[in-house]
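Undergrad: Take this structure, written in structure tokens, and hold onto it; I'll ask about it next.
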Amino acid sequence: MLEKKELDPLLAYKRALFRGCGYSHQDLEKPLIAIVNSWNEINPGHIHLRKLSEFVKDGVRDAGGTPMEFNTIALCDGIANSGNNSKFVLPTREIIASSIESTIKAYEFDGMVMICSCDKIIPGMLLAAVRCDIPTIFLTGGIMGSKTFTTGSLKGRTYVTSDIKEAIGQYKSKKITSEELYLIESETCCSAGACNMMGTATTMACIVEALGLSLPDCATLSAIGTERQELSRETGKAIINLVEKKITALALITNQSIINACKVALSFGGSTNIILHMCALSHELGGSLNHFDFDELSKSVPLLAKFKPSSEYTITEFHEAGGVKVLMKKLAKKLDLSTINVLGEPLKEYLKKVMIHEYHIIRSIDDPISAEGGIAVLKGNLAPEGAIIKQSAVSDKMKYHKGFAKVFESEEEIMDALVEDKIKEGDVLVIRNEGPKGGPGMRELSIPAAVLIGMGLGESVAMITDGRYSGATRGPCIGHVCPEAYDGGPISIVRDGDEIEIDIVNRRLTLLISKEEIEERLNNWQRSESIVRKGYLRLYRKLVSSAKYGAYLE
């Protein structure tokens, strides 16, 4: 049983101010539970979270606690992914983490429920959970519905949000009509929730569940419906149990559970952005995870599942096949089973209760889709400190590619080239000055990458950047090139017409010019610095680490 708090007379002022918020003395005698919500009206992954928080708060009250809600910011990558706007997206991760840390530590809550969705918000809350180290549980917001058209020329096709971006390229190359593009745009995002594809939002929700920080099936359950409401209520009850048992965030978020979660994500072809977020999370714990570690992890686990846009399966079908818990059971021999979850159970005991009824969507470890996980880390004279590619989303035809460079100094330049039909089969597109410092902000080049696929160039043209891509990007798109151009990495001295070799199997990324020529160009290189005179991005550029270590603030 939870004991009532002794009311310290020296805290009368604090209690009086809470009384002004409508809390009674009886409320303040109970465990005070922060409901940390990223609800807003400008993001489909978050617009329903205010309603879910009411069910969470009901669960907290039923279990004997007092819920107190506050908010943090939450950008939608897709909406912000237009020009300079998207430079602010990755940097919001640190704003989210710091805003939560500041509020929790200032108020001294007894526990917290993190209600969140989407690409930077879940990682920001994970960083905050480590910093605060109080009893913590996550409620990720669930999955958007997917649209299967039943009439017209699109009949029988199932569309998710990544298909919209590719449809832009299909329209540009006259593969679909303007009416079809309008229909796809108008009806694909058919409910609230995270995008129904294996992008960063879904990958991070699955990672939270794999870390043991959310209740079973939370990651892949629909955002809408009575099951999500009941799960929300149970989440509110569960936080009180964690408070009573004094199980804090750092009992769940450990170096071992982080490695487990990374293996799980690699085994279903998750987002390349997990490298940024999990390296940053490791850093918060005092660990040293960097992107080269992901290459070893990817080699250590097989690929057991793939989802849109890398296959035709949606996340809803993943959920119906058992979701994260079934995948973890199938991957169990590769995991550390001593980690614990929000139910207070070791992973070994938890997985004993998981039943497996399906085989086709989530493969057996003895019959995988491929022997390696979804991500490969390439290295060579073009990326001495590594570069990232989602190998599970690349056709066999493009596992090896050699072509001549076309160099672009920004996302805007590559988009102009695509629109003006300046990209040809065989090209290697090099987009630089988009790294964490160079942008600044490490923009996501997801629209150019998707347009390329939509135009039918995904098996003949490669993209290389010191920026990053959408978690759902497919095709031969290499990102996170380190050192970035801003720091004088070799990507800064590539010229139009230079030949580049990409060899994913052997993990090589090579600029095919002499060592002497590279050295001469680097000696003559001068930084072309974009001017950021004020604001958050100016501070971010000064403090941000290399993408190799997660682009955390030093």
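The sequence shown maps to residues 544 to 1097 in the working numbering.
Positions of the beta carbon are idealized from the N, C-alpha and C atoms, including for glycine.
If you reduce the DSSP assignment to three classes, tell me which class Y902 lands in.
TA: Counting from 1 along the sequence shown, the entry for residue 902 is found at position 359. Y902: coil per DSSP, three-state reduction.
Undergrad: Mind listing, in chain order, the continuous beta strand (DSSP E) runs of no fewer than 3 residues lying wholly within the stretch 810-887?
TA: Taking only runs of at least 3 residues, no beta strand (DSSP E) segment lies wholly in the stretch 810-887.
Undergrad: Rounded C-beta distance between S913 and P845? I'm assuming under 8 Å.
TA: Translated into the one-based positions of the sequence shown, residue 913 becomes position 370. Translated into the one-based positions of the sequence shown, residue 845 becomes position 302. About 7 Å; that satisfies the 8 Å criterion.
Undergrad: Could you tell me the alpha carbon to alpha carbon distance between L554 and I643, rounded to whole angstroms?
TA: In the sequence shown, counting from the first residue as 1, residue 554 sits at position 11. In the sequence shown, counting from the first residue as 1, residue 643 sits at position 100. For L554 and I643, the distance between alpha carbons rounds to 23 Å.
Undergrad: Out of M655, K980, L921, point me to the one whose CA is closest to F513's CA.
TA: Shown here, the chain extends from 544 to 1097; a query on residue 513 therefore has no answer.
Undergrad: At the level of alpha carbons, what is the spacing between G856 and G813?
TA: As a working note, residue 856 is residue 313 in the sequence shown. As a working note, residue 813 is residue 270 in the sequence shown. What sits at residue 856 in the sequence shown is Tyr, not Gly. Taking the straight line joining both Cα atoms gives about 14 Å.
Undergrad: Alpha carbons only, please: which of S775, F652, A993, L618 is nearest the one belonging to D706?
TA: Walking along the sequence shown from the start, residue 706 turns up at place 163. Among S775, F652, A993, L618, the Cα nearest to that of D706 is on A993.
Undergrad: Can you tell which of V807, C661, L669 has the C-alpha that lies nearest to the C-alpha of L824?
TA: Counting from one through the sequence shown, the residue named residue 824 turns up at place 281. Nearest option by C-alpha distance: L669.
Undergrad: Is L972 closer than 8 Å to M998 when the C-beta atoms are compared?
TA: Along the sequence shown, one-based indexing puts residue 998 at 455. Along the sequence shown, one-based indexing puts residue 972 at 429. No, they are not a contact pair.
Undergrad: With a cut-off of 8 Å, do at least 3 Cβ pairs link the stretch 760-779 to the stretch 591-605?
TA: Touching, yes.
Undergrad: For the alpha helix (DSSP H) containing I590, name the first residue and the last one.
TA: As a position in the sequence shown, residue 590 is number 47, starting the count at 1. Careful: I590 lies outside any alpha helix (DSSP H) and carries neither H nor E.
Undergrad: With a Cβ-Cβ cutoff of 8 Å, do G1010 and I974 count as a contact?
TA: Here residue 1010 refers to the residue found at position 467 of the sequence shown. Here residue 974 refers to the residue found at position 431 of the sequence shown. The answer is yes: Cβ separation under 8 Å.
Undergrad: Skipping 5 residues on each side, what residues in its chain have a beta carbon closer than 8 Å to that of R1050?
TA: Counting from one through the sequence shown, the residue named residue 1050 turns up at place 507. Correct list, in chain order: D838, A919, V920, L921, K922.
Undergrad: Can you check whether the CB of A762 is closer than 8 Å to the CB of V885?
TA: Here residue 885 corresponds to residue number 342 of the sequence shown, with the count starting at 1. Here residue 762 corresponds to residue number 219 of the sequence shown, with the count starting at 1. Not in contact: V885 and A762 (Cβ atoms no closer than 8 Å).
Undergrad: Entirely within the stretch 1033-1071 and at least 4 residues each: give me those alpha helix (DSSP H) ranges in chain order.
TA: As far as the stretch 1033-1071 is concerned, its whole alpha helix (DSSP H) runs of at least 4 residues are 1058-1067.
Undergrad: In three-state DSSP terms, what is V1177?
TA: A query on residue 1177 cannot be resolved here, the shown segment of the chain reaching from 544 to 1097 and no further.
Undergrad: In chain order, what residues of the same chain lie with their CB nearer than 6 Å to the CB of I1034, ignoring the 5 residues before and after it?
TA: As a first step, residue 1034 is located in the sequence shown; it is residue number 491 there, counting from the start. Taken in chain order, the residues that qualify are R975, D1009, V1024, A1028.
Undergrad: Of the residues L988, T1016, G969, which one's Cα is nearest the Cα of V1004?
TA: Sequence index remark: in the sequence shown, residue 1004 carries index 461 (1-based). The shortest C-alpha separation from V1004 is found at G969.
Undergrad: Taking 8 Å as the cut-off, decide whether the C-beta atoms of V937 and G1018 are in contact.
TA: Numbered from its first residue, the sequence shown carries residue 937 at position 394. Numbered from its first residue, the sequence shown carries residue 1018 at position 475. Going by C-beta atoms, V937 is nearer than 8 Å to G1018.
Undergrad: Considering only residues of the same chain and omitting the five flanking positions on each side of C619, which have a CB-CB separation below 6 Å?
TA: Stepping through the sequence shown from its first residue, residue 619 is reached at position 76. The residues are N586.
Undergrad: Nearest CA to the CA of L592: which residue from A848, A766, N924, L894?
TA: Position 49 of the sequence shown holds residue 592. Among A848, A766, N924, L894, the Cα nearest to that of L592 is on A766.
Undergrad: Quick one: what's got a C-beta closer than 6 Å to T691's C-beta in the same chain, skipping five residues either side?
TA: Your numbering for residue 691 matches position 148 in the sequence shown. Cβ neighbours of T691 beyond the five flanking positions: T701.
Undergrad: Pick out whichever of K788, Y1092, L988, A640 has its Cα sitting closest to the Cα of S831.
TA: Start at 1 with the first residue of the sequence shown, and residue 831 comes out as number 288. Of K788, Y1092, L988, A640, the residue nearest in Cα terms is Y1092.
Undergrad: Give the range of the beta strand (DSSP E) segment to which H944 is assigned.
TA: For the purposes of this step, residue 944 is identified with residue 401 of the sequence shown, where counting begins at 1. Looking at the DSSP string, the run of the beta strand (DSSP E) that includes H944 is 943-951.
Undergrad: Quick one: using the 10 Å Cβ neighbour count with 16 as the cut-off for buried, is R1070 buried or exposed?
TA: Your numbering for residue 1070 matches position 527 in the sequence shown. Flag for R1070 reads exposed.
Undergrad: Since K788 contacts G699 with CB under 8 Å, what's their CB separation in whole angstroms?
TA: On the sequence shown, position 245 is the one that residue 788 refers to. On the sequence shown, position 156 is the one that residue 699 refers to. No, K788 and G699 are not in contact; Cβ-Cβ is about 51 Å, not under 8 Å.
Undergrad: Please report how far the alpha carbon of H834 lies from the alpha carbon of E954, in whole angstroms.
TA: Stepping through the sequence shown from its first residue, residue 834 is reached at position 291. Stepping through the sequence shown from its first residue, residue 954 is reached at position 411. Looking at the two C-alpha atoms, the distance is approximately 24 Å.
Undergrad: Report yes or no: do the stretch 939-949 and the stretch 866-875 share at least 3 C-beta pairs separated by less than 8 Å?
TA: Contact fails: fewer than three Cβ-Cβ distances are below 8 Å.
Undergrad: Rounded to the nearest angstrom, what separates K933 and T745 at their Cα positions?
TA: Taking the sequence shown and counting its residues from 1, the one referred to as residue 933 is at position 390. Taking the sequence shown and counting its residues from 1, the one referred to as residue 745 is at position 202. Their Cα atoms are separated by approximately 16 Å.
Undergrad: In whole angstroms, give me the CA-to-CA distance for G768 and S854.
TA: Here residue 768 is taken as the residue at index 225 of the sequence shown, counted from 1. Here residue 854 is taken as the residue at index 311 of the sequence shown, counted from 1. Their Cα atoms are separated by approximately 26 Å.
Undergrad: Hey, out of H826, A804, N628, whose CA is closest to A671's CA?
TA: As a position in the sequence shown, residue 671 is number 128, starting the count at 1. The shortest Cα separation from A671 among H826, A804, N628 belongs to H826.
Undergrad: Around the C-beta of A649, are 16 or more other C-beta atoms found within 10 angstroms, so that it is buried, or is it exposed?
TA: Walking along the sequence shown from the start, residue 649 turns up at place 106. Classification of A649: exposed, given that the 10 Å Cβ count is below 16.
Undergrad: Considering Cα atoms alone, identify which of T731, E952, A804 is closest to K868.
TA: Position 325 of the sequence shown holds residue 868. Comparing Cα positions, the closest option is A804.
Undergrad: Can you have a look at Q713 and say buried or exposed, based on whether 16 or more other CB atoms are within 10 angstroms of its CB?
TA: Working through the sequence shown from its first residue, we reach residue 713 at position 170. By the 10 Å Cβ count, Q713 comes out buried.
Undergrad: Given G1032, which residues of its chain have a CB within under 6 Å of its CB, disregarding the five upstream and five downstream residues?
TA: Reading the sequence shown from its first residue, position 489 is the one you call residue 1032. So the qualifying residues of the chain are P1026.
Undergrad: Mind checking whether L756 and L795 have CB atoms under 8 Å apart?
TA: Taking the sequence shown and counting its residues from 1, the one referred to as residue 756 is at position 213. Taking the sequence shown and counting its residues from 1, the one referred to as residue 795 is at position 252. Contact: yes.
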